[in-house]
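Asks:
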Amino acid sequence: RMNCCGLLTPEKEPVPLKSIEVELEVRDHVATVVSTLLYENKEDKPIEAVFVLPLPGDAAVCHFSAVIGQTQIVAEVKDKQQAREEYDDALSSGQQAFLLEESDQSPDIFSLSVGSLPPGESASIRLEYVTELAVQADDGLRFCLPAVLNPRPSVQVTSVPASLVPYSLSFSARVSSPHPISKVESSSSLDPLQYLNAEKTQATVRLAAGHKFDRDVELLIYYTDAHQPTAVVEAGQASAKPGTVMGDLMMMLSLYPEFPQSVMSSVASCGEFVFLMDRSGSMRCPTSSSKREETRISSARDTLLLLLKSLPMGCYFNIYSFGSSYEHMFPKSVEYSEKTMEEALKKVEEMTANLGETEILKPLEHIYSQPCIPNQPRQLFVFTDGEVGNTKEVINLVKKNSGSHRCFSFGIGEGASTALINDLAKEGGGHAQFISGGDRMQPKVMQSLRFALQPAVQDVSVTWDLPKGVSATVLSPPITALFQGQRSLVYAQVSGQSSEAAEGCVTVKYSLAGHLSQNQLRFTLKPAEDTGLTVHRLGARTLIRSLEMEEREHRGQQVGGVKEKVVELSVQSGVSSSFTAFIAVNKSDGKEIQGPLVRRNVPAPSDNYYKPATVDRSYHHQDKIDALLQLVSLQKASGCWLLDAALAAALGKTSEEVEKPKPASQVWATILALIWLHGFKTDAKEEWELLAMKAVSWIHAQNAPCVTECVEAGNEVLGCSVEKDSLGL
Numbered sequence: 001r002m003n004c005c006g007l008l009t010p011e012k013e014p015v016p017l018k019s020i021e022v023e024l025e026v027r028d029h030v031a032t033v034v035s036t037l038l039y040e041n042k043e044d045k046p047i048e049a050v051f052v053l054p055l056p057g058d059a060a061v062c063h064f065s066a067v068i069g070q071t072q073i074v075a076e077v078k079d080k081q082q083a084r085e086e087y088d089d090a091l092s093s094g095q096q097a098f099l100l101e102e103s104d105q106s107p108d109i110f111s112l113s114v115g116s117l118p119p120g121e122s123a124s125i126r127l128e129y130v131t132e133l134a135v136q137a138d139d140g141l142r143f144c145l146p147a148v149l150n151p152r153p154s155v156q157v158t159s160v161p162a163s164l165v166p167y168s169l170s171f172s173a174r175v176s177s178p179h180p181i182s183k184v185e186s187s188s189s190l191d192p193l194q195y196l197n198a199e200k201t202q203a204t205v206r207l208a209a210g211h212k213f214d215r216d217v218e219l220l221i222y223y224t225d226a227h228q229p230t231a232v233v234e235a236g237q238a239s240a241k242p243g244t245v246m247g248d249l250m251m252m253l254s255l256y257p258e259f260p261q262s263v264m265s266s267v268a269s270c271g272e273f274v275f276l277m278d279r280s281g282s283m284r285c286p287t288s289s290s291k292r293e294e295t296r297i298s299s300a301r302d303t304l305l306l307l308l309k310s311l312p313m314g315c316y317f318n319i320y321s322f323g324s325s326y327e328h329m330f331p332k333s334v335e336y337s338e339k340t341m342e343e344a345l346k347k348v349e350e351m352t353a354n355l356g357e358t359e360i361l362k363p364l365e366h367i368y369s370q371p372c373i374p375n376q377p378r379q380l381f382v383f384t385d386g387e388v389g390n391t392k393e394v395i396n397l398v399k400k401n402s403g404s405h406r407c408f409s410f411g412i413g414e415g416a417s418t419a420l421i422n423d424l425a426k427e428g429g430g431h432a433q434f435i436s437g438g439d440r441m442q443p444k445v446m447q448s449l450r451f452a453l454q455p456a457v458q459d460v461s462v463t464w465d466l467p468k469g470v471s472a473t474v475l476s477p478p479i480t481a482l483f484q485g486q487r488s489l490v491y492a493q494v495s496g497q498s499s500e501a502a503e504g505c506v507t508v509k510y511s512l513a514g515h516l517s518q519n520q521l522r523f524t525l526k527p528a529e530d531t532g533l534t535v536h537r538l539g540a541r542t543l544i545r546s547l548e549m550e551e552r553e554h555r556g557q558q559v560g561g562v563k564e565k566v567v568e569l570s571v572q573s574g575v576s577s578s579f580t581a582f583i584a585v586n587k588s589d590g591k592e593i594q595g596p597l598v599r600r601n602v603p604a605p606s607d608n609y610y611k612p613a614t615v616d617r618s619y620h621h622q623d624k625i626d627a628l629l630q631l632v633s634l635q636k637a638s639g640c641w642l643l644d645a646a647l648a649a650a651l652g653k654t655s656e657e658v659e660k661p662k663p664a665s666q667v668w669a670t671i672l673a674l675i676w677l678h679g680f681k682t683d684a685k686e687e688w689e690l691l692a693m694k695a696v697s698w699i700h701a702q703n704a705p706c707v708t709e710c711v712e713a714g715n716e717v718l719g720c721s722v723e724k725d726s727l728g729l
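Start counting the sequence shown at 1; every next residue gets the next number (full-length UniProt numbering).
#1: So, under 8 Å CB-CB, S280 and E218 are touching, yes? Tell me the CB distance rounded to an integer number of Å.
#2: Pull up the DSSP beta-bridge partners for N703, would you.
#3: Please name the residue in V34, E76, G120, S122 whose C-alpha comes closest to that of E101.
#4: According to DSSP, L127 sits in a beta bridge with which residue or residues?
#5: Once DSSP output is grouped into helix, strand and coil, what is the label at A604?
#6: State buried or exposed for A238, treating a residue as buried only when at least 16 other CB atoms are found within 10 Å of its CB.
#7: Candidates N318, L276, I109: which alpha carbon is nearest N390's?
#8: Any idea which residues DSSP pairs S495 with across the strands?
#9: Would you call the CB atoms of V334 and I360 closer than 7 Å?
#10: Threshold first: 4 residues or longer. Then list the alpha helix (DSSP H) segments lying entirely within the segment 508-591, N to C.
#11: Nearest-angstrom Cα distance between L255 and W464?
#12: Can Y336 and H328 be called in contact, C-beta distance under 7 Å?
#13: Can you tell which of V462, S471, F483, G469 has the C-alpha that lies nearest to the C-alpha of P477?
#14: For the pair the segment 123-130 and the segment 28-38, tell me if three or more CB-CB distances fall below 8 Å.
#15: Can you give me the C-alpha to C-alpha distance between T244 and G496, rounded to a whole angstrom?
#16: By how many angstroms is the C-alpha of L718 removed from the C-alpha of L145?
#17: On the CB-based measure, 16 or more other CB atoms within 10 Å of its CB, does D644 come out buried or exposed?
#18: Out of curiosity, what's the CA-to-CA distance linking residue 734 and T418?
#19: Is the segment 628-646 touching the segment 694-706, taking contact as three or more C-beta pairs under 8 Å?
#20: Sorted by chain position, which residues of the same chain lie with C-beta nearer than 6 Å to G411's C-beta, five sequence neighbours on each side aside?
#21: Based on Cα-Cα distance, which residue from G714, T534, D423 lies nearest to D58?
#22: State buried or exposed for P192, treating a residue as buried only when at least 16 other CB atoms are found within 10 Å of its CB.
#23: Determine the extent of the alpha helix (DSSP H) in which E343 is found, giving its start and end residues.
#24: Going by other Cβ atoms of all chains shown within 10 Å of its Cβ, with 16 needed for buried, is S298 buried or exposed?
#25: Determine the burial state of E86: buried for a count of at least 16 other Cβ atoms within 10 Å of its Cβ, exposed for fewer.
#26: Check whether chain D comes within 7 Å of V490, counting only Cβ atoms and requiring the distance to be less than that.
#27: Helix, strand or coil for M329? Go by DSSP, reduced to three states.
#28: Using a Cβ-Cβ cut-off of 6 Å (strictly less than) and excluding sequence neighbours within five positions of S577, which residues of its own chain qualify?
#29: Where E293 and P286 are concerned, what is the direct C-alpha to C-alpha distance, given to the nearest angstrom?
#30: With P178 and T230 assumed to form a contact (beta carbons below 8 Å), what rounded beta-carbon distance in angstroms separates them?
#31: Shortest alpha-carbon distance to G574 belongs to which of E48, R541, E551?
#32: Taking the continuous beta strand (DSSP E) assigned at K78, which residues delimit it?
#33: Thinking C-beta only, is A416 closer than 7 Å to D439?
#34: Between which residues of its own chain and C720 is the CB-CB distance below 7 Å, once the five residues before and five after are set aside?
#35: Given that a residue counts as buried once 16 or more other Cβ atoms are within 10 Å of its Cβ, and exposed if not, what is E723?
#36: Just reading off the beta strand (DSSP E) that I20 is part of, what are its end residues?
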């Protein structure tokens with residue numbers, strides 16, 4: 001049953017949003033986004049439109065202006081309460097006004113009130129924000145433009161099917177970096193990439209015409225030599241005072257530590273792994289429009305199978321699932337063994353998306369209330385496809401427990417809240433992944449498991465070596481988690497002048513599994529020409545976020561001045577915060593706008609209308625169950641495979657074909673499975689690499705004779721030519 005009435009005014013007139021134009025300017029790892037929204041009042045009386053904008057969670061809004069007729073009004077940042085009062089005053093005196101503010105529940109929702117648009121008038125609204133781009137498993141940098149109005153729980157917005165979304169979208173991007181740009185990809189169709197110089201360090205790209213803005217637009221940007229650390233130095237704002245955040249130089253370091261191979265090869269064989277899986281109703285949605293038969297929950301079950309098979313012997317684990325209520329498999333985490341693994345897999349197979357809404361706080365509280373197991377560092381994996389009404393409360397809870405665990409988060413599908421996913425990992429010292437469109441969940445999740453099995457990096461320190469008279473104040477919170485090949489961004493305000501050297505050096509030191517390591521990066525203090533203020537604004541945003549967190553922790557205690565500091569910094573930098581809002585009042589036109597205001601809520605594309613209310617049985621009906629998963633499901637917890645009919649079938653052979661050449665060795669079946677993986681499934685290697693390492697360790701532990709003979713015979717049976725060395729034997 002489709003309900004179209006959200007689209008129309010009481011007079012059955014269409015909603016006033018006409019078009020959206022987005023320009024993206026990417027500099028290395030950060031971006032400025034400029035959106036222009038065009039409204040038109042087609043009614044015969046003035047209206048007030050309320051518009052809900054989801055933005056990336058770490059975004060900082062830094063400019064907001066409106067053009068009505070011939071008049072441009074630029075908004076100012078003011079204390080939230082004061083801004084709201086000015087907006088109400090303007091409306092009651094018949095003036096036009098615009099108010100843009102961050103939602104109290106979640107930092108990635110903004111509501112924009114367009115006040116008092118006269119009949120027949122159009123308004124063009126320009127909104128700018130800056131954001132960091134997240135690094136993906138394959139080193140791509142991800143930018144996501146949320147389908148403007150993803151409905152969020154804190155806001156009543158009527159949803160409509162995509163075919164009826166009444167506005168058009170145009171989107172273009174310009175990318176520049178110290179590294180050459182190798183490619184730009186997207187889940188939507190793009191016009192070809194245009195390079196602007198011979199070095200390929202600058203390029204532009206556009207969204208192909210005809211995009212229906214019914215889903216997020218995702219852009220993935222790839223640089224060559226992405227792992228080299230870089231420093232971007234940006235000149236201060238000419239009009240700002242030296243010594244202030246906006247007046248001084250601002251520097252952004254992107255660090256990619258490389259750890260010694262010897263340490264990385266020793267994968268930890270301990271840990272308490274807690275998997276928290278979303279089973280709310282929306283997990284029944286297809287994973288993508290191209291694969292309608294595969295649902296998010298079936299993909300999640302396949303992923304849990306791989307995770308459970310890849311855990312090391314000797315660790316502990318538990319699986320929680322949640323919706324409006326939550327369940328756990330075991331009363332407390334259990335030791336990983338063949339028995340507990342099999343028991344968990346049986347329950348995973350029966351998992352369906354039948355637990356209602358997304359309520360994550362209660363299961364988290366329960367997990368944190370369990371005592372930690374000595375010498376088994378707690379690793380929490382959170383999977384969700386939604387957003388919650390209490391993001392800030394959830395994040396505070398994770399932060400409070402960040403000393404005793406690492407949190408790895410996974411946002412599934414288009415509706416996952418970026419603020420929730422990114423902040424869970426940031427405050428929990430882990431890593432965030434987004435799985436959308438045609439992405440397979442498994443490789444991304446296995447990459448995070450590899451991070452979780454890495455020894456934790458401790459005692460991270462950043463020291464600066466700067467010329468005399470120059471000092472650096474780091475605005476970013478201290479780095480607590482570092483992973484092999486993961487980026488950390490550090491913002492620093494650089495004050496003072498030096499008469500001599502215009503060069504500095506930063507050293508990052510840390511200890512890893514008892515080894516002390518350090519990385520050094522030299523940089524010039526001469527800022528790049530005309531780079532805008534993206535880095536300054538993100539630096540200010542980082543400081544604002546830290547102060548807001550501090551204010552929430554001490555709320556109710558008389559800790560003076562934190563809120564005032566945020567307001568001052570927000571006003572000075574022109575960057576939004578939870579205590580300020582952007583306000584614009586059109587004072588130029590003396591005429592009062594006649595007539596009572598009609599309030600409109602602008603509709604959002606909906607994903608509700610294709611959710612069948614049937615029981616999801618896709619798992620049991622996978623006639624052609626994935627061959628890889630079939631083989632993986634037969635592996636024992638210790639890492640070995642047993643020689644039986646099921647193994648033969650998984651390898652595509654008859655029992656006779658695998659029994660006949662059988663060398664007299666207990667490792668024969670396991671070697672066959674390894675050869676099959678290396679021979680036929682190299683493209684999915686990141687999914688099975690950990691469980692293959694476990695199999696290899698098991699073979700070594702058997703001290704079996706005739707391994708070489710087994711490898712030769714196995715290649716013969718399977719028609720492969722995999723070398724003993726490449727199997728790790």
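Ideal placement from N, C-alpha and C gives every residue a C-beta, glycine not left out.
Model, not experiment: these values are computed from the prediction.
Replies: Taking the definition as stated:
#1: The beta carbons of S280 and E218 sit about 23 Å from each other, so the pair does not count as a contact at 8 Å.
#2: None, per the DSSP bridge assignment.
#3: Ranking V34, E76, G120, S122 by Cα distance to E101 puts E76 first.
#4: Per DSSP, S35, F64.
#5: Low confidence applies here, because A604 scores a pLDDT of 46, under 50, leaving its location unreliable; read the following figure in that light. Strand, per DSSP.
#6: Looking at its Cβ environment, which holds fewer than 16 other Cβ atoms inside 10 Å, A238 is exposed.
#7: Selected option, being the one with the closest Cα: I109.
#8: Paired residue(s): S471.
#9: With respect to I360, V334 sits apart: the two C-beta atoms are not nearer than 7 Å.
#10: Residue ranges of uninterrupted alpha helix (DSSP H) with 4 or more members, entirely inside the segment 508-591 and ordered along the chain, are 534-553, 562-573.
#11: When rounded, the distance between both Cα atoms is 14 Å.
#12: Cβ distance not < 7 Å, so Y336 and H328 don't count as in contact.
#13: Comparing Cα-Cα distances from P477 to each of V462, S471, F483, G469, the minimum goes to V462.
#14: Yes, the segment 123-130 is in contact with the segment 28-38.
#15: Taking the Cα positions, T244 is about 11 Å away from G496.
#16: L145 and L718: Cα-Cα distance of roughly 47 Å.
#17: With fewer than 16 other beta carbons inside 10 angstroms of its own, D644 counts as exposed.
#18: With the chain covering 1 to 729 only, the question about residue 734 has no answer from this structure.
#19: Output reads yes: the segment 694-706 touches the segment 628-646.
#20: If you ignore the 5 residues before and after G411, its C-beta comes within less than 6 Å of the C-beta of I421, F434, all in its own chain and listed in chain order.
#21: Nearest Cα to D58 within the set G714, T534, D423: D423.
#22: Its Cβ having fewer than 16 others within 10 Å, P192 is exposed.
#23: Membership of E343 in the alpha helix (DSSP H) is indicated by the continuous run 338-349.
#24: Per the 10 Å Cβ criterion, buried.
#25: Counting the other CB atoms within 10 Å of its CB gives E86 a total of 16 or more, which places it among the buried residues.
#26: The displayed structure is made up of one protein chain only, and chain D is not part of it.
#27: Note: M329 maps to coil in three-state DSSP.
#28: Same-chain partners within the cutoff: I544, V566, S570.
#29: Going by the C-alpha atoms only, they are around 6 Å apart.
#30: That belief holds up - the Cβ atoms of P178 and T230 are roughly 5 Å apart, short of 8 Å.
#31: The residue with the shortest Cα to Cα distance from G574 is R541.
#32: Unbroken beta strand (DSSP E) run through K78: 76-79.
#33: D439 is not a Cβ neighbour of A416, given a cutoff of 7 Å.
#34: Excluding five sequence positions before and after C720, the CB atoms of its chain that fall closer than 7 Å to its own CB belong to I675, G679, given in chain order.
#35: E723 comes out exposed.
#36: Per DSSP, I20 belongs to the beta strand (DSSP E) from 17-27.
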